[in-house]
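Following: one structure in structure tokens, then a few remarks.
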Amino acid sequence: MKRLTRAFAAVAAVSAVALSAACSSGVSTPQSSSDPTVATGIEFPAGSTMARIQDAGTIRIGTKFDQPLFGLKNPITGNPEGFDAEMGKLIAAKLGIPANKIEWVETVSANREPFLEQGRVDAVIATYTINDKRKQVIDFGGPYYIAGQSLMVQAGNPEAITGPDDLSGKNVCSVEGSASSTNIRDLVPTTNVVLFDSYSKCSDALKNGQVQAVTTDNTILAGLRSLDPDSFELVDTTFTQEPYGIGIAKGREDLVAFIDDSLQQAFDNGEWSTAWDDTAGKILGDAPAPPRLDSY
Ligand code: GLU
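So the mapping is simple: our numbering equals the position in the sequence shown, first residue as 1, plus 1385.
As structure tokens, this is what we get:
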């Protein structure tokens, strides 16, 4: 991220000018009481990715639709709700696009890079860990949050699981294409990893006793447990760092730099912590200090 930011400092400077121009115009067009202020009068360099999105009048954002606290589809509005959805609204607003013009596209763990590479979405904001393997095929803005991998077990913890070392020979559920599945295989090769395409299916398998644990980010597990707290229990440990980034297709470094500028502004002006408090913070507690954008 550091290298990328430096390499495109010139572009970032242009973005920063555009952002401050938008702020100084001071016009707000809120979509609902909680939606971020939409930038108006903003001009992007001709031919830039931001100008193309602005001209389209919409941004296509891939996110999860079944993850409480981060991206959970509201059955009435059809829109996802949660911290990731708020990050999407925030970036869209800084591009001059109101929340009701965002095109939300459901992404699961395994199709995030393909959807970006195929141009089906402009950005993926979906509990998406920045890592070197993914950076070979896409770029990331951020990080905007740092999670950690953990474990969820049945209430009462019948198998007395306190960490990854207790998983040997056990059936442990995770999701195809996730960093969680790779991490657990690397950490405990003797675990039988059972894979589904979404974490909500892992909850069902745990409840039914088909698996003895679910493993993924502590954030996701907390959201899943909040739906059925009598059935599940969280193991009080994290054993990885999962920095969440905003995935962008290669060749759009201007948008990556713009996203980093926008996130930094949101860290500084409190929009980021408000978004946290309104969503994931309701279960996960107070917002931590925002991560450093050059840390991953
Ligand atoms: N953060 C991890 C990842 O990006 C696990 C969560 C997920 O699958 O969305 O793979």
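Note that CB positions come from ideal geometry on N, CA and C, so glycine has one too.
Original post:
Does the pairing of the segment 1579–1599 with the segment 1544–1562 give three or more beta-carbon distances under 8 Å?
Top reply: Using a Cβ-Cβ distance cut-off of 8 Å, the segment 1579–1599 and the segment 1544–1562 are in contact, since at least three pairs of beta carbons, one from each stretch, lie closer than that value.
Original post:
Which residues in the same chain have their Cβ closer than 7 Å to the Cβ of Pro1415, if we skip the five residues on either side of it in sequence?
Top reply: Bear in mind that the predicted position of Pro1415 carries a pLDDT of just 41, short of 50, making it unreliable; the figure below should be weighed with that in mind. Excluding the 5 residues flanking it on each side, Pro1415 has same chain C-beta neighbours closer than 7 Å at Thr1422, in chain order.
**OP:** Count the other C-beta atoms from every protein chain shown that fall within 10 angstroms of the C-beta of Ser1413, then say buried if there are 16 or more, exposed otherwise.
**Re:** For Ser1413, the pLDDT reaches just 36, beneath the cut-off of 50, and the residue's location in the model is therefore unreliable, leaving the point undetermined.
Subject >> As assigned by DSSP and simplified to three states, the class of Gly1541 >> reply: Gly1541 carries a coil assignment under DSSP once its states are collapsed to helix, strand and coil.
Subject >> the segment 1491–1498 / the segment 1657–1669 touching (three or more Cβ pairs under 8 Å) >> reply: The answer is no - the segment 1657–1669 does not touch the segment 1491–1498, with fewer than three Cβ pairs under 8 Å.
Original post:
How long is the line joining the alpha carbons of Gln1439 and Asp1671, rounded to whole angstroms?
Top reply: Rounded to whole angstroms, Gln1439 and Asp1671 show a C-alpha spacing of 34 Å.
Original post:
Between the Cα of Phe1455 and the Cα atoms of Thr1600, Asp1507 and Tyr1529, which residue gives the shortest distance?
Top reply: Taking only the C-alpha atoms, the option nearest Phe1455 is Tyr1529.
Original post:
Say the cut is 6 Å; is the CB of Thr1512 nearer than that to a heavy atom of the ligand GLU?
Top reply: Taking the Cβ of Thr1512 as the reference point, at least one heavy atom of the ligand GLU falls within a distance shorter than 6 Å.
Original post:
Based on the DSSP secondary-structure assignment, which residues constitute the bridge partners of Phe1643?
Top reply: None, per the DSSP bridge assignment.
Original post:
Beta-carbon separation of Gly1447 and Val1509 under 7 Å?
Top reply: Yes, the Cβ-Cβ distance between Gly1447 and Val1509 is below 7 Å.
Subject >> Identity of the residue in Asp1571, Pro1499 and Asp1469 nearest Thr1604 by Cα >> reply: For Thr1604, the closest alpha carbon among the candidates Asp1571, Pro1499 and Asp1469 is that of Asp1469.
Original post:
Is Thr1601 near the ligand GLU, in the sense that its beta carbon is under 6 Å from a heavy atom of that ligand?
Top reply: Checking the Cβ of Thr1601 against the ligand GLU gives yes.
**OP:** Please classify Phe1617: does DSSP put it in a helix, a strand, or coil?
**Re:** In the structure shown, Phe1617 adopts extended strand secondary structure according to DSSP, grouped into three states.
Original post:
So the beta strand (DSSP E) Phe1581 belongs to, where does it begin and stop?
Top reply: Run containing Phe1581: Asn1577 to Phe1581, per the beta strand (DSSP E) assignment.
Subject >> Beta-carbon proximity of Val1538 to Leu1552, cut-off 7 Å >> reply: Leu1552 is positioned such that its CB atom lies no closer than 7 Å to that of Val1538.
**OP:** Just confirm the distance between the C-beta atoms of Ile1476 and Ala1634, as a whole number of angstroms; I'd bet it's less than 8 Å.
**Re:** That pair is no contact at about 15 Å.
Subject >> Nearest candidate by alpha-carbon position, reference Tyr1681, set Ala1431, Ala1545 and Gly1630 >> reply: Nearest of Ala1431, Ala1545 and Gly1630 to Tyr1681, Cα basis: Gly1630.
Subject >> Contact belief for Ile1531 with Pro1549 at Cβ below 8 Å, rounded distance in angstroms >> reply: Not quite, the Cβ-Cβ distance comes to about 19 Å (not below 8 Å), so this is no contact.
Original post:
Is it right to say Glu1498 is buried, meaning 16 or more other beta carbons lie within 10 angstroms of its own, or is it exposed?
Top reply: Counting Cβ neighbours within 10 Å, Glu1498 comes out buried, since at least 16 surround it.
Original post:
Would you say the beta carbon of Glu1618 comes nearer than 6 Å to a heavy atom of the ligand GLU?
Top reply: Glu1618 Cβ: outside cutoff for every heavy atom of the ligand GLU.
Subject >> Ser1566 versus Gly1426: straight-line alpha-carbon distance, rounded >> reply: Spanning the alpha carbons of Ser1566 and Gly1426 requires a straight line of approximately 45 Å.
Original post:
What is the rounded straight-line gap between the Cα of Pro1676 and the Cα of Lys1667?
Top reply: If you draw a straight line from the Cα of Pro1676 to the Cα of Lys1667, it comes to about 20 Å.
Original post:
What is the DSSP secondary structure of Leu1609, counted as helix, strand or coil?
Top reply: The three-state reading of DSSP puts Leu1609 in helix, counting H, G and I together.
Original post:
So Ile1476 is in the alpha helix (DSSP H); what residue range does that whole segment cover?
Top reply: Unbroken alpha helix (DSSP H) run through Ile1476: Phe1468 to Lys1479.
**OP:** Grab the span of the beta strand (DSSP E) containing Tyr1530 for me, first residue to last.
**Re:** Counting along the chain, the beta strand (DSSP E) containing Tyr1530 begins and ends at Ile1523 to Ala1532.
Original post:
Which residue from Leu1480, Gly1527, Ser1647 and Arg1445 puts its Cα closest to that of Trp1489?
Top reply: Out of Leu1480, Gly1527, Ser1647 and Arg1445, the CA that lies nearest to the CA of Trp1489 is found in Arg1445.
Original post:
Under the DSSP definition of a beta bridge, which residues are partnered with Pro1368?
Top reply: The structure shown does not extend to residue 1368, since the chain is modelled only from 1386 to 1681, so the question has no answer here.
Original post:
DSSP on Leu1457, reduced to helix/strand/coil?
Top reply: Three-state DSSP puts Leu1457 in a strand.
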